[in-house]
Every structure is written in structure tokens, then in C-alpha cells.
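Numbering (this note's numbering), first residue to last: 10 to 733.
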Amino acid sequence: MAIAEKLMQRHTKSSRTSRVGACTALTLSLLMSGMSVAQAKIDDTAVYQPVAPTIDQARANILIARQLQFTHFRNLGISDELSGDVFDAYLKYLDGQRIYLSQKDIELLARAKSRLGSALKTGQLQPGFEIYNLVQQRIIERLQFALNVIDNGLDELDFNTDERIRVDRSKADWEPDQEALDALWIKRIKNAVLAQRLNGTEDDTIKDNLRRRYEGQLKRAYQARSEDAFQAYMNAFAGMWDPHTSYFSPRTSENFNINMSLSLEGIGAVLQSDNEYTKVVRLVPGGPAAKQGQLQTADRIISVAQEGEKPVNVIGWRLDEVVDLIRGPRNSTVTLEVIPANAADESVTRTIAISRDEVKLEEQSASKDIIELDRSGETYRVGVITIPTFYADFQAMQAGDPNYKSTTRDVRRLLDNLKEQGVDGVVMDLRNNGGGALHEANDLVGLFIDKGPTVQIRNANNDVQILNDEDPSVAYDGPLVVLVNRMSASASEIFAGAIQDYGRGLVVGSQTFGKGTVQAVRPLNHGQLKITQSKFYRVSGGSTQHKGVIPDIEIPSRVDTSRIGEDALDHALPWDQIEAVPHTRYFDFSGVIDELRKRHEARFSASPEFSLLEQEIEFLTKQREMTYVSLNMDERKAHHEQIERTRLTIANARRELRGEEPFKTLDELEQWQDEQAADLDSTDEELDFVIREGGHIMADLLELDQRTASILKPTQFAAKAEAR
10 MAIAEKLMQR HTKSSRTSRV GACTALTLSL LMSGMSVAQA KIDDTAVYQP VAPTIDQARA
70 NILIARQLQF THFRNLGISD ELSGDVFDAY LKYLDGQRIY LSQKDIELLA RAKSRLGSAL
130 KTGQLQPGFE IYNLVQQRII ERLQFALNVI DNGLDELDFN TDERIRVDRS KADWEPDQEA
190 LDALWIKRIK NAVLAQRLNG TEDDTIKDNL RRRYEGQLKR AYQARSEDAF QAYMNAFAGM
250 WDPHTSYFSP RTSENFNINM SLSLEGIGAV LQSDNEYTKV VRLVPGGPAA KQGQLQTADR
310 IISVAQEGEK PVNVIGWRLD EVVDLIRGPR NSTVTLEVIP ANAADESVTR TIAISRDEVK
370 LEEQSASKDI IELDRSGETY RVGVITIPTF YADFQAMQAG DPNYKSTTRD VRRLLDNLKE
430 QGVDGVVMDL RNNGGGALHE ANDLVGLFID KGPTVQIRNA NNDVQILNDE DPSVAYDGPL
490 VVLVNRMSAS ASEIFAGAIQ DYGRGLVVGS QTFGKGTVQA VRPLNHGQLK ITQSKFYRVS
550 GGSTQHKGVI PDIEIPSRVD TSRIGEDALD HALPWDQIEA VPHTRYFDFS GVIDELRKRH
610 EARFSASPEF SLLEQEIEFL TKQREMTYVS LNMDERKAHH EQIERTRLTI ANARRELRGE
670 EPFKTLDELE QWQDEQAADL DSTDEELDFV IREGGHIMAD LLELDQRTAS ILKPTQFAAK
730 AEAR
């Protein structure tokens, strides 16, 4: 590691020299009068210019502080304790992986820790900006060091040691000083080199890729804007109340408004910053990415390529710049390189080409299918209705169009069609449905009950509004199963919770997201504030917040619940409950639920599909539990090959179940996956498997208690049966 020692010495010497001229410009007045930072340069013209707050930003800060304290659902004042939490959250936002700042920096910055709250009350933004400027300086120093390592040659890096690097440093100790950071960054570079070597990239290309990555990040560090600092600082502040409260700069507000109108020509994905990466939060149902099928929630984007052009590395880019790069004209193609959400480390990447288009309402529409189940010589026909989102064509509605599209209208029509075709029961598939129009959730519940309350909404003043289904008609009164998973959120949780509370059907799947809050966007003199103002409660009194909906019968999922879900978010509002409201209970499942679970478990224990799903979940769990990866080439290669063999084994086992030829290599598997994603008519085996299980549970219900075939009360049901 001689090269590392030389670079550390050279960097330390140059940093000491450059610090002398920077003391005056970057003195942190509210921290300590003598603190200074390095005035690092990339050339004679590239000198970091510290950013400063504007009067408009100070005014916006005061408005934000007032609205948070007096209008947010959570009653939280600005205290010394909150000041410390804002400080920690701000550093997490600026250096979440703890790779730029040292413990010495933290000790100096900590002098402002207890003062941020009082400054934020009165619009004194200087402390936050001074912290931001110091971090930018440290970023510049680190990137210059990395470029020096790369310029010295990758062959100088030793990949035969027993070194390893921590995968996630968000909870690691801060490195004690600059020399320790130098050592860490050499490990980071070695890790980046290994990741690309394992993907078959030549060293010359790796060197070029890394140089372009770090130069791009360095350029952006030099071009830091006042608005970047303000938005980061305000979001750290607003996030103390809850994770869905955030500040939008004027530029971000524009992007938010475009997204809300669904007129954005792009890929139909909601993105957010995640340390150095841009992470996929969710896919818009019916959007290009959702239809293409390969991009997944929690994937991290590392490069973006336009048609006929080289990929642009976007690690370290601002979110709005990544959005601009991905957005483009309709029918053009953008190619993303991503680290999949379930990847063991950064060496596993995937390239995804997506054709840009508008998100069309009709492509979010509910759809139906019928599956047939043969059980002991008897065939059950089960209707399946898939609802990607809760939608309504507000423009057509306001224009008085009697045929405007909405979730409830479409589902009513589909139910009528299924009844005409003589189905024995209905499965409502709400998996991956992130919500949408609240009134549609209310109306959709109304299709399955006589009339009554569907959801309660409580505001910060403890005023409770109850939404009701006023229509006594019932579109479908037969047995019902609702499928949910971790990505079922908001309006989906309201529907599933109401069906469960009314005893109208069984909820099957995995615990839902737990998004039980309502936000409003309020204009400021400078940008907008999205603020949580209300909370959803079920008719039984329990909130959907944090806990979500717990299924009656659980089916395991591949989703990493430690990373996805309300309970995985910092400062999420807690679960609580209020008084229940009077509502009908159509059927008490307590008498049959144990037998239903027993039958379900018996089917799954004998199911080869479920066995494979369990194997895959176990494999993914082990990968997620890895806290370190080796920097030894032979060890890393062996681990990489083991991962590839496991993926191939699981995929071939599925093909064997379908009587198909196994793949010989992982390349064959990935090529087939690309072809499947491009075929919009293809289906996912796991989805079919879970839907069929939902149908079997519905058939179990009918066999155990025929009263589930109607929402009529038992005495009424008996009279109806005799009339036949």
C-alpha cells in the first residue's frame, strides 16, 4: 500500500498549505471564531465560492417555522432537544454515509448544535449555511484525493489483502481525522474498481468511468447554489415533524406540480435522493417504467444514457438534475443503469431501457380476469379484479361528462361482467397500489356494503370527519378476498381496513405500508411547504398510520420491510386509536379463521412455488444482512459467483416446474428477463401463484360456511335459500 501512504502524505501537505488563505472567507462565526477549512482547487479558476442565504429564504424560513409549530398534526415545539435532532438530520442529509467529515469536524460543528432551533425560529440561516459550506469543502477535498489515486494508476492498488469495507456506513463511527478518511477512500475506490471488474469491465474503461464520476461530482460541488443549502436545511428541519412534511424550492415546486398533473413526459417514477444515489420511491401505475417491468422500488440509479450517447454517471448529482436527465420527449428511449434493491453490493448492476411516454389515465384502469380452481372434483370460478391505483378523471367530472372514468365506476362494471359469467367469488388485488383519490376509496367500499362509514379523518385540533357511503345499493354481495402487500398504501389501506372491519371479506398478503396521513401543499413567498395536517382512522378506531393493515392470512414477500414502509422512516407519526363509529359486522371470521390458516399452510407446505419463494426470501435476507464486503479479488469473485449460481438455480427450478428448459448461464436468464419485460402480455409466476391462493382461500370459505356467499344476515340468508 505504498501508493496510499504517498498520496496521504501529499494530500495532507497540500491541505495544510491551502488552509492559510481560507480562514477569513469561511469562518464559522456561530461555531468558533478561529475555525477554517481548506481552499482546495482543481485548477486556477475552480475555487469554491461559499453560498449565502437570501432575504427571501429567511422570510420563507420564518413562515415554515410558524406553520410547523401551529398547523402540523404533530404538536411539536422548537426546543434545544429539537435543535440537536435537526443538527443530526442535517448532517445525515449532507454526509449520510460519513465519508466526508471527520470526528474533528463534528466536534467543531457541534458547537452550533444547541443553537440551530432558536436561529430557525427567527430566520437566521447563517449557521446552517456555514455547515453546508464546510461539508462542500470536505467533499471537494475527498474528490480531489480520489482523482489523485486514480491518476496514479489502478495497478498500484492491492487486491490481495484481507481488507474489507462496510456496506452501509450510516451508523458507523466518524473517522477520527483526515488520514483515516484517506484510508477509507482508498477502500472505497478499490470497492468501485472491484465492482466493475466483476462485471467484466477493462481497467482502462474503469479508470475512465471513475474519473468521469468524480469529476462530475467535483464540478457540482464547485457549482453549489444557495438554494441547495436552503432546501437541504429546511428539509432536515421539516422532517422533525414527520417524513412526509417537506420543503419544495421554486424549482422543485415546478416539478411537483407537473407530476401531480400527470402530464410529465418521462418514465413514470417517483425519485428521491438517498445519500449519493437517486433512489426509486415508487412507480406510477400505467407509466412507462411500470409497464416495462424491470425497474423496481428502492433501485438506485447510477447512470443515465440518451439514445446513441454514452451513459452519464449520476452518483452525487442533485435530484432535480437527475430528473431533468431522465425526462425527455415522448417515444424517445432513456437507459438507466441501476443497483437493484436486492443487490448484495454495488457490483450487481442492471441496465434498463425505457421508452418515454405520458402517463395515461386509461392505462391505470382496473382490469379483470377469471381463474378456475379444481378442488376434489369440483371447479370454482374466481373473478380477479386488479386495481393499480385509485383514479378519477377530474377534468371530465368537472365538465359534466356522465361517462367519466373512475376506479369505482370501472370496478362496478367489471363486477357486473363477472356476475354475468357466474363466478363463485371475487379476489380484489390491491398489491403495489400506492393509493390515490380518497373519495374513490370511500365509494369503492360502498360497492360491497349496504351503507355506513368508511374512514375517519382527524385533524390537529382533534376534529373528526367521517366519510360515509350513502348509497344503500350493493354491487356485489358474494365472498370476497382482498390481496395486499407492503406497497399497498393510503387509499388501499382504507379500503382493506374497511372490508376487514365490516367482516365483509378476508385480507390476505403481507402487512401494508402504513401511510395513514394526509398532506396539503401550502404556498410560501419562496417555494412551497408540503405539510401533514390530518390522520386516517378505521371505522373500528385504529389508525392505518405506521401499522398499516395486518392481513387475516399472511403470505411472505420479497420486500425488505426494514427499508420500505412507514415504520422504516425517521420521525414517522405513531399508531394510535380513537373511538370506533357504529358500523355493521356482516360476518365473524373468528369461527373459521384457524381452519382457513391451517388449510392455507398445508397448501403452501406442499407447494413447490412457495418453497422457491421461501428460498429466494432466505437468500435475499442473507444478502441484506451482510455488513461488510471483501476487497480481496479472489474472495469477492467467489462470493459474486455464488450469488449468480443461486439466482440461476432458483430461476431454473421455476422453469422446471413449468416443464421448460433450464438456462445454461446467468446471461441467458437476464436476456429472457429482458424479453419478458418487453412483452406487456407476459405475467409473473409469483403474482399468479398468490392470486390463485387468494382464490383457494375464497373456496375454503365457501366450503366452511356458506353464509359468506351473501352479506345478508343469517336469518335473511336462510329465507333466501329456502325460496330457491
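The beta carbon of each residue, even a glycine, is placed where N, CA and C say it ideally should be.
Looking from the CA of D603, the closest CA among L304, I706 and G523 belongs to I706. The Cβ-Cβ distance between L85 and W326 does not fall below 8 Å. By the Cβ criterion, the region 510–530 is in contact with the region 584–602, since at least three pairs of Cβ atoms, one from each stretch, lie closer than 8 Å.
Within the region 514–587, no run of alpha helix (DSSP H) at least 4 residues long lies entirely inside it. The DSSP-derived three-state label of G704 is helix. Following the DSSP letters along the chain, one finds N157 inside the alpha helix (DSSP H) bounded by residues Q135 to D160. Take D366, set aside five residues on each side of it, and the residues of its chain with a beta-carbon closer than 6 Å to its own are P297 and R339, in chain order. Note: S374 is not bridge-paired with any residue in the DSSP secondary-structure output. Annotation: K460 is outside any beta strand (DSSP E) and is labelled neither H nor E by DSSP. Residue A307 holds the alpha-carbon nearest to the alpha-carbon of Y286 among P62, D676 and A307.
Secondary structure remark: continuous beta strand (DSSP E) runs of at least 3 residues inside the region 379–403, in chain order: 387–395. When the five nearest sequence neighbours on each side are left out, the beta carbons in the same chain lying within less than 6 Å of the beta carbon of M496 are those of N441, in order along the chain. Membership of S282 in any alpha helix (DSSP H) is not indicated; the residue belongs instead to the beta strand (DSSP E) covering A278 to D283. With fewer than 16 neighbouring CB atoms inside 10 Å of its own CB, N169 falls in the exposed class. By the Cβ-count criterion, N208 is exposed, with fewer than 16 other Cβ atoms from all chains shown falling within 10 Å of its own Cβ. Among the bridge pairs identified by DSSP, S620 is matched with none. Per DSSP, M642 is one residue of the alpha helix (DSSP H) stretching across M642 to L666.
Note that the C-beta distance between R178 and I276 is not below 8 Å.
Rounded to the nearest angstrom, the Cβ distance from I311 to T358 is 7 Å, consistent with a contact under 8 Å. Judged by DSSP secondary structure, A241 falls within the alpha helix (DSSP H) whose first and last residues are S235 to A247. Remark: fewer than three beta-carbon pairs, one from each stretch, lie closer than 8 Å, so the region 468–484 and the region 529–538 are not flagged as touching. In this model, R701 and F403 are separated by some 35 Å (Cα to Cα). At the C-beta level, S571 and S519 stay beyond 8 Å of one another. Under the rule that a run must span 4 or more residues, the alpha helix (DSSP H) segments found entirely inside the region 295–319 read 297–301.
Judged by DSSP in its simplified three-state form, T210 adopts coil rather than helix or strand. In the displayed model, D366 falls within a strand according to three-state DSSP. The region 552–566 and the region 520–528 touch, with no fewer than 3 CB-CB distances between them shorter than 8 Å. Nearest to E449 by alpha-carbon distance, out of Q135, A401, M437 and R656, is A401. Under the three-state reduction of DSSP, T360 is assigned to strand.
In this structure, V516 places its C-beta atom within 8 Å of the C-beta atom of D561. Beta-bridge analysis with DSSP links E346 to S312 and T360. For the 8 Å CB-CB criterion, R260 and V279 do not form a contact. Assignment of beta-bridge partners to L476 by DSSP yields V464. Take the alpha-carbon of P62 and the one of Q226: they are about 23 Å apart. Runs of the alpha helix (DSSP H) spanning 4 or more residues and lying entirely within the region 74–120 occur at 89–103 and 112–118, in chain order.
Beta-bridge partners of F257 (DSSP): Q537.
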